[in-house]
Structures are given as structure tokens and as C-alpha cells.
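2 protein chains.
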Amino acid sequence: MEIEKESRAPETRQSENSRFRENEGHTITVAGLGLMGGSFAARLKELHYRVNGWNRTETVTEKALQRHVIDSADEQGISNSDIVILCMPAGCIVPFIQQHLSHFKKGAVLTDISGVKGHLCDEVRACLRPDMDFVMAHPMAGREGQGLDQSSPRIFDGCNYILVPDEKARPESVEKVERLIWQLGAAHVVTVTPAEHDRMIAYTSSLPHILAVSLMDSDSFVEESRYFVAGSFRDGTRVADINASLWARLFLENRENILAEIDNFQKSLDSLRRAVEDNNREQLTRLLEKAGERRRMLSHEKNTR
Amino acid sequence: MEIEKESRAPETRQSENSRFRENEGHTITVAGLGLMGGSFAARLKELHYRVNGWNRTETVTEKALQRHVIDSADEQGISNSDIVILCMPAGCIVPFIQQHLSHFKKGAVLTDISGVKGHLCDEVRACLRPDMDFVMAHPMAGREGQGLDQSSPRIFDGCNYILVPDEKARPESVEKVERLIWQLGAAHVVTVTPAEHDRMIAYTSSLPHILAVSLMDSDSFVEESRYFVAGSFRDGTRVADINASLWARLFLENRENILAEIDNFQKSLDSLRRAVEDNNREQLTRLLEKAGERRRMLSHEKNTR
């Protein structure tokens, strides 16, 4: 696979006050104020942007206003936004755009955070005004739990951020989104096609969630298990506590890739099981060593958590 | 399963200076100065114990002395120790005891940290002096990596600690070891039989390590994967980087239990895979919700990380 990749030292918080003064007066709309949207809003405020918010459930919008996570929540705010970040489930994106179509600023660029890209871009383009643009992206950032209360501006610190522009995305729109991504605090930005994105993400994101869920769901779990767990179990199951309906949808939207990843994992687990069953200490040690080497590659990657 | 369980608020570091002055002048020997032994030594020093160390490889012993992780490394130190903590691979325990048998203090209590108990207790008792005692235990504490350099006194903060005394262990010996465990910083102490220990640990400790290793070893891993990972992958594979030969041995020593746990996990993974394959969103959501509920039970457990 050929990917375009760029890495940078994360923007330090210390230098922000001076560096990001230029953002003052610029409005960004964050649509969808859950865990991710709330985190975007909080981070954008740190970066001195004016943040306009939108949420389907109005009580959430009001909470965000009261807590000053957002500065406003109105059509005027949408009309002032050069960039609109769509932090809602993929299925809600087109209805949202249609509902607000006449209010978007001339030349506004939309970007999303959907975990599966599929044919999203075509669907969105079909309903955009010709002056607008859409640049798909996916921050590899998040945390356990769900909802505005769980949001944090720190989830972007040193993260990987995937840019997934289709061939119709205008270079200046891509550049605009990428500039924002670096400001958020990303350490690496890779640019891939929607198909590549969906394939990679099935392994690096969906599969760890599936294993965490399956480990918790095992018949072996009993109430007393909690007194026998250590860091390995806690870390391995942290993401078992997620927005169930959102993730069920994500898994099904990327069904083929996920089945392929489960099957690849299965081969790997089977090898290990066989080595245990055969009492093959040499083979078992080899499998453990291989995993260790690969894992160290991951953690020695500069600037990445 | 009926287990005896006790929980306490972890000993706070702030209160240590005064509370643990009583330990001054008391010597404890830590035998085996790897990640775990080094962590015990460092924590015991915080608790004002005098720490005597022993390690098969002398360069490690010297490093520990130079860094003041231990105060001494000699037979005199062993002779002064009421408690000896065996932090070596289980197979090295009997030779270590035989080598130093005449030097142990009268009435010395040995305790270990072995990940699998099996018939260890009988083997150890067969070579102990009659005045000595052995109380098996297993701290559910640790971290990735290996060796003295990776050790940290903080790994015990709020941990689970399993006490596995056999029926011959004297109550006053068990009490002595348990008192030390609370001082180390444990939040929960459970008491179980060796067989129960080995069965529980196969699920709560070995299995998460096996999944982490299998996830890293998947054929899907490519060099570029690192630019697509987020917290779920990082956390889920943290313990893939472990002492390969030590863990291969641990897995094989607990072979039957581990095979049973892999098979239970397999059933759980198969259910999830089937729900994805069948496009069964309802069932998938149910499985995710069940995992989330169980995971929240785990994290809401007081005093536990």
C-alpha cells in the first residue's frame, strides 16, 4: 500500500496563546455534540475559534451552551462558518445538510469523522451546493464511554488523523482541513482512499473493539473476576464500554472488511492455541517474540502515544 | 465459587513517612531482581524496610546496589530476613531454597509471585526446614517490558493481590504476608486454593495476553498500520511486549485451563462474528451492551484502577 504520510511534533499547549490568536473571530460549526463533537468544541475553544454548535437533542445543545463548550447554536453561526465538522452518525449527515442547505456560508468546507466511509462521499456530494466542498477525514482519537460529559480536548494530543478526500475534493479545501487537523494536535496525517481507509480501520480499530467485547462477554466472566484482574485485562477491555448502537452500525457498515479481519485474527489465535495444545514451547516463544517486536515498533514511533 | 475477600483504601503515600517508620531495621530479602523483584525492592524501600537482594546474574545485583534499589546482597541479609519474596521463575525456586537453606532466619516466611501455582507448594515444602513456612501469593500487578529497568514501586497502587495459602501454611505466617501486602498498596486481597487461582488467572490474565499477542501477530499487520491505530489498539496490545520465554512457560504450565479459556472466548467471538455475518444489528447491539454493562461493573469497583 502506498500512503501519503506526514508527521509533526504536536502543537504544544504553551505556545498556543500566541500562535492561535489568528483564529480569533473565525467561526467553526460542530454538528453533533456527543463525546467526539464535545471534544472538538472544547479543543477549538482552546485554539481561540468561535464555536457554533448543533445537536439533534436540544437539551444537549443547552448543556453545551451553559458550560461554554460552544459560543452559539444557531443558523447565523452556520452562516459564519468556513468549516463545518460533522460529528454525527453517518446516516444523519445528509438530512442535516439538506435541512441547513441555504444557510451554509459561500464556499463552506464540510468534514466528517465517520468510522466507515463507504459511499458516503457520493451521497453527500449529491446534495451539496456547487460552491461547497466535502473533505472526509477520521481522527484516530476517542475514549471509552459516550456523550458530551465524556468529551475532552486532550483526545487529539499526538493522535493519528486520516484524511480521505475523494477525487473531486478541491486542493484548497483539503489544505484547509489539514491545517485545522495540525492545530488540533495531531502527530501524523495519512491520506488514503475511502476503500483503503475502511480496510485499514477494520484491523486497527474495529478488531480491538471486537476482542474487548468478546473478552467481557465470555462465559468465564463471573462477579468475582474483578478481584483477579490486572492491567492486562483492564486495558484490553477498556473499549468494551462503548455506544452499543453506534458501534453495531459501524461494524455492519464495514461488514466484509471486518469479517476478513476476524478471520485473520482467528488464524493468528489458532496458531497460538495449537502451540499451547502441542506443548510446543519453541513455537510459542517465537509467536510471543514476534508480537513483542511489532509492538515495540508501535511504541517507538515518535510523537505517538 | 466462594472466595474470602477483603478491600481497603490503598495506603496513601502522604501518610507513609509516619506510618511505616515501624518497619525501620526490619530486613526483607527480594530474590530475583527483574521487573517484579525490582518493583518490590523499590516499594519496600519506600516503606522504610532494609532490602536485601539476590539475583542469578550478578551484573543485575550490582546495578541494583549502585542504584540503591537494594541495601545489600549477601547471605547475612538473608539471615536477617523474616520474609523472603521469591520473584524468580517458578522453576528456580527450589534450587534457590536448597542453595541458601542453612542461611534463612529461624521461622522465616517465604512468599512467591508465580503466575501459576500447580504443585509448587508441595515441591517447596519438601525442601523447607521445619521452622520455615511458605505462603503462596500472586500480585495482580505488572507492566509491559521486562527487567530491572522497567520496575516501578507504583505497580502495586490499588492492585488486586491473591493469597494462595495451602492447608499447611501457619495462620501467623499468612497474617505476616497479608500485612505486608496491604503495606505495598493493594486495594483487594482474595484468598483462594491453588486450583482456583490457576483457573481464574487463565481468564483474567493469560487470556488478555494471548489476545494482545494474536492481534499483533495477525497477517493484517503492516508497517503502515501504526498510522491508523488509536487508543483501542494501543491499549489492547500493550501487554504484547512481554518476556517471551517466561510467558511461554507460564502458558504451558497452565495448559488445560488456558485451552478452556481460549475455547470460551472463541464461543463469545463466534457469536459476535455470526451477528456481523447475519447482519443482525439487534443481536450485535445486545452483545455490545452486555460487554459494556460488565465493563462498567469493573471500573466502578472502588479503589481499583
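Same order as they appear, the protein sequences are chains A and B. Quick note on my numbering: the first sequence kicks off at 132 and runs consecutively. Quick note on my numbering: the second sequence kicks off at 132 and runs consecutively. Note that the Cβ used here is the ideal one computed from N, Cα and C, for glycine as well.
Span separating the alpha-carbon of residue i from that of residue j
| i | j | result |
| --- | --- | --- |
| A:Leu-232 | A:Ala-257 | 12 Å |
| B:Met-117 | B:Trp-313 | Because chain B here runs from 132 to 436, residue 117 of chain B falls outside it and cannot be looked at. |
| B:Arg-150 | B:Val-255 | 34 Å |
| A:Leu-390 | B:Ser-345 | 16 Å |
| B:Gly-222 | B:His-250 | 11 Å |
| A:Gly-423 | B:Gly-362 | 18 Å |
| B:Ile-341 | B:Gly-156 | 43 Å |
| A:Val-407 | B:Leu-377 | 14 Å |
| B:Leu-400 | A:Met-347 | 10 Å |
| A:His-179 | A:Leu-164 | 19 Å |
| B:Leu-217 | A:Ile-373 | 40 Å |
| B:Thr-93 | B:Ala-268 | Nothing in the structure corresponds to residue 93 of chain B, since chain B is present only between 132 and 436. |
| B:Gly-236 | B:Asn-211 | One detail in the question is off: residue 236 of chain B reads as Lys in this sequence, not Gly. Cα-Cα distance, rounded: 6 Å. |
| A:Pro-284 | A:Ala-318 | 15 Å |
| B:Ala-172 | A:Phe-171 | 44 Å |
| B:Arg-405 | B:Ala-371 | 27 Å |
| B:Glu-135 | B:Trp-185 | 33 Å |
| A:Ser-138 | A:Gly-273 | 20 Å |
| A:Ser-304 | A:Gly-238 | 9 Å |
| A:Asp-329 | A:Lys-398 | 21 Å |
| B:Arg-181 | B:Val-240 | 16 Å |
| B:Gly-316 | B:Glu-177 | 11 Å |
| A:Gln-230 | A:Glu-355 | 51 Å |
| A:His-199 | A:Met-167 | 16 Å |
| A:Asn-385 | B:Gly-289 | 40 Å |
| A:Leu-175 | A:Asp-253 | 28 Å |
| B:Ile-209 | B:Gly-276 | 28 Å |
| A:Tyr-358 | B:Ile-228 | 30 Å |
| A:Leu-279 | B:Asn-291 | 32 Å |
| A:Thr-192 | A:Ile-214 | 19 Å |
| A:Asn-434 | A:Ala-140 | Only weak support exists for where A:Asn-434 lies, its pLDDT of 42 falling under 50; the coordinates are left without a value. |
| B:Thr-160 | A:Phe-364 | 30 Å |
Assigned secondary structure, residue i (DSSP; H/G/I helix, E/B strand, else coil)
| i | result |
| --- | --- |
| B:Met-219 | coil |
| B:His-269 | strand |
| B:Ala-140 | coil |
| A:Leu-232 | coil |
| B:Ala-110 | For residue 110 of chain B there is no data in the structure shown, the boundaries of chain B being 132 and 436. |
| A:Arg-181 | strand |
| B:Leu-241 | strand |
| A:Ala-391 | helix |
| A:Ser-203 | strand |
| A:Asp-112 | For residue 112 of chain A there is no data in the structure shown, the boundaries of chain A being 132 and 436. |
| B:Glu-413 | helix |
| A:Ile-286 | helix |
| B:Glu-408 | helix |
| A:Asp-401 | helix |
| A:Ala-173 | helix |
| A:Val-247 | coil |
| A:Ile-129 | Because chain A spans 132 through 436 in this model, residue 129 of chain A falls outside it and cannot be assessed. |
| B:Ile-224 | helix |
For residue i, the first and last residue of its enclosing alpha helix (DSSP H)
| i | result |
| --- | --- |
| A:Thr-192 | 189-197 |
| B:Asn-154 | First-last for B:Asn-154: undefined, no H or E at that position. |
| A:Gly-208 | 206-210 |
| A:Cys-252 | 251-256 |
Where the beta strand (DSSP E) through residue i begins and ends
| i | result |
| --- | --- |
| B:Val-295 | 291-295 |
Are at least three pairs of beta-carbons, each pair with one atom in the stretch 330-340 of chain A and one in the stretch 308-324 of chain B, less than 8 Å apart?
no
Taking only runs that begin and end inside the stretch 304-384 of chain B, name each unbroken beta strand (DSSP E) of 3 or more residues, in chain order.
319-322
Counting Cβ pairs, one atom from each stretch, are 3 or more of them under 8 Å apart for the stretch 235-250 of chain B and the stretch 269-283 of chain B?
yes
Taking one C-beta from the stretch 409-425 of chain A and one from the stretch 289-299 of chain B each time, how about it: are there three or more such pairs within less than 8 Å?
no
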